[in-house]
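Trainee:
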Amino acid sequence: MTANIALILALLIPLFGAVLIGLTGRWPNLRETVTMVTAVSLFAAVIRVLMGLYAGEDIGVEVVAVMSGVGIAFNTEPLSIIFAMVASGLWVVTSVYAFGYMRGTKEVNQTRFYVCFAIALFGAIGIAFSANLLTLFIFYEVLTLSTYPLVIHKGDAKAKAGGRTYLGILLTTSIVFLLPAVVWVYAVAGTLDFMPGGILQGNLSAVPATLLLLLFLFGVGKAAVMPVHKWLPAAMVAPTPVSALLHAVAVVKAGVFTLIKVMIYIFGSDFLAEVPYESIAVYLAGFTVVAASCVALRQTNIKRMLAYSTIGQLGYIVMATMALAPFSEIGAAIHIVAHAFGKITLFFTAGAIYVASKKTELAQLNGIGWRMPLTMTAFTIGALSMIGVPPTAGFVSKWFIMSGAFSVENYFVIVVLVLSTALNAGYFMPVIYNAFFKAEDVKPDKDHGEAPASMVAALCVTASLTLLFFFFNGPVLDLETQIFGGAP
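According to this note's numbering, the residues represented by the sequence shown are 3 to 490, in order.
1) Whole-angstrom Cβ separation of Gly384 and Ala465, contact assumed at under 8 Å?
2) Taking 8 Å as the CB-CB cut-off, is Ile383 touching chain C?
3) Quick check on Arg33: buried or exposed, where buried means 16 or more other Cβ atoms within 10 Å of its Cβ?
4) Grouping DSSP H, G and I as helix and E and B as strand, with all else coil, what is Glu482?
5) With DSSP as the reference, identify every bridge partner of Phe76, one or two as the case may be.
6) For Met69, list the residues DSSP reports as bridge partners.
7) I'd like to know if the stretch 138-157 and the stretch 104-124 are in contact, where contact means that at least 3 CB-CB pairs between them fall below 8 Å.
8) List, from N- to C-terminal side, the alpha helix (DSSP H) runs of 4 residues or more that fit wholly inside the stretch 221-309.
9) Using a 10 Å radius around the Cβ and a threshold of 16 neighbouring Cβ atoms, would you call Gly2 buried or exposed?
10) Rounded to whole angstroms, what is the Cα-Cα separation between Phe493 and Pro210?
11) Have a look at Ile389 and Val190 and give me their C-alpha separation to the nearest angstrom.
12) Helix, strand or coil for Glu452? Go by DSSP, reduced to three states.
13) Check whether the Cβ atoms of Ser422 and Val239 lie closer than 8 Å to each other.
14) According to DSSP, simplified to helix, strand and coil, what is Glu363?
15) Considering only the beta carbon of each residue, do Ile61 and Leu9 sit closer than 8 Å?
16) Going by DSSP, name the residue or residues bridged to Asp443.
17) Considering only C-alpha positions, which residue in the set Ala133, Gly128 and Thr149 is nearest to Phe141?
18) Within its chain, find whatever has a CB closer than 8 Å to the CB of Thr107; leave out the 5 residues flanking it on each side and keep chain order.
19) Starting from Lys108, trace the alpha helix (DSSP H) in both directions and tell me its first and last residue.
20) Could you work out which residue in Ala407, Thr212 and Val42 is closest to Pro278 when comparing CA atoms only?
21) Taking just the CA atoms, how far does Asn426 sit from Glu143?
22) How about the stretch 402-411 and the stretch 294-310: do they share at least three Cβ pairs that are nearer than 8 Å?
23) Going along the chain, which residues of its own chain have a beta-carbon closer than 7 Å to the beta-carbon of Ile485, five neighbours each way excluded?
24) By the DSSP assignment, the alpha helix (DSSP H) with Thr174 in it spans what residues?
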């Protein structure tokens with residue numbers, strides 16, 4: 003099988019899987035088997051594309067030409083394959099987790115859940131392998147629309163209200179800001195193709211480029227730069243596997259991935275350095291990091307705390323990308339992986355706690371570490387990664403971001419990193435302390451232990467990945483240095 007065929011299969015497998023999941027919905031065991039086979043098959047196809055990239059194969063497919071200089075087309079490069087590997091690989095683990103969660107909570111509409119999950123991965127993979135802005139925009143919207151039914155899965159008034167906020171903000175930002183930005187790029191450059199070094203230099207003067215930059219920054223609402231971030235905590239009404247998809251795997255990663263692609267392959271680092279007010283993006287992202295961390299510090303609900311933590315962590319990626327230092331840009335790409343492993347672990351643990359004990363508030367977690375030792379150990383690992391403590395994945399990305407900031411003497415980025423690290427510790431460490439070193443305030447009505455085995459297995463896998471990435475990050479670094487240059 004050639005890499006080109008694998009690329010096509012990577013796009014078709016989740017879509018075909020969604021159809022089969024729908025057809026087998028009457029038989030839960032068969033439906034879940036189809037889900038798992040689909041997820042594993044997608045991951046295998048992406049690995050074949052990765053092998054083709056390493057082998058230097060010419061990988062690219064144009065489906066249809068839409069207009070002069072642009073069509074629906076797909077290819078791959080190092081950043082694309084990193085995102086695709088994260089999304090497809092964690093879908094396998096999330097599927098295992100979802101089987102235990104959905105059955106443990108006796109959720110309704112489980113077939114619709116798995117169908118929409120597969121379509122969401124179709125959107126994410128389409129974004130990852132998009133060869134131009136038009137293709138990316140189409141799949142960006144597919145991802146938004148396919149995740150809406152997941153957000154409102156419970157069907158109650160609270161879920162529907164959260165879904166309206168989710169859909170309203172993401173569609174508004176993409177139509178009002180992102181789409182005009184895409185049209186503007188085509189008008190001045192005559193193409194929307196992603197090209198190393200960018201396509202705007204010589205086609206757009208520096209001052210209007212500032213406005214275009216802001217259109218992209220706020221148009222990519224999935225990156226959750228304030229003030230277009232409220233969709234993310236609103237989506238916490240969804241079941242925990244959906245929260246994991248939104249906050250760790252597909253949706254937010256699609257946002258920051260899109261911004262990095264635009265900055266590298268549409269603007270280009272050299273042209274961005276000429277944009278007079280480019281640093282506005284750095285300041286907005288830095289403000290988002292600190293403000294979101296402060297809000298997280300005041301949360302009492304587990305998932306809402308994790309939601310605001312996600313907003314801050316995404317700010318790291320945007321800020322590091324816009325700092326225009328090779329090491330920081332490498333750190334931004336690494337943080338896509340590091341945050342995925344750490345944050346999905348945290349959401350998995352939140353869901354496991356709910357299934358086992360029905361607890362959703364931080365104040366209810368005193369002493370729970372002794373009832374659920376595996377779950378809370380995994381929580382500890384994920385939290386330490388968000389703080390940036392070795393030996394976790396989060397330390398690696400923060401190391402590169404900080405190194406880049408020092409190399410260009412960007413003291414604003416340095417201060418934000420130090421301050422936010424302290425804030426992260428401020429809201430994560432008390433949870434860990436209370437779970438293991440405080441006695442239960444009230445004995446639960448029913449004694450409980452760990453969540454179902456499939457859920458515990460999944461969170462142990464992602465916690466292990468969070469630790470292993472600290473030691474075995476060489477292949478990812480090799481790919482990322484091809485994007486940004488320089489040797490770590």
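We treat Cβ as the ideally placed atom computed from N, Cα and C, and that holds for glycine.
Mentor: The structure says:
1) Confirmed, about 6 Å.
2) In the displayed structure, chain C is absent; only one protein chain is listed.
3) buried
4) helix
5) Val63 and Ser132
6) Val72
7) yes
8) The qualifying runs are 233-236, 242-246, 253-264, 271-276 and 281-299.
9) Any question about residue 2 goes unanswered here, given that the chain covers just 3 to 490.
10) No statement about residue 493 is possible, as the shown extent of the chain runs from 3 to 490 and does not include it.
11) 42 Å
12) coil
13) Cβ distance not < 8 Å, so Ser422 and Val239 don't count as in contact.
14) strand
15) yes
16) For Asp443, which the question treats as bridged, DSSP gives no partner whatsoever.
17) Gly128
18) Cβ-Cβ distances below 8 Å link Thr107 to Pro241, Tyr356 and Val357 in the same chain, with the five nearest sequence neighbours on each side left out; the list follows chain order.
19) Careful: Lys108 lies outside any alpha helix (DSSP H) and carries neither H nor E.
20) Selected option, being the one with the closest Cα: Thr212.
21) 32 Å
22) no
23) Pro80, Leu81, Ile266 and Ala335
24) Ala159 to Thr175
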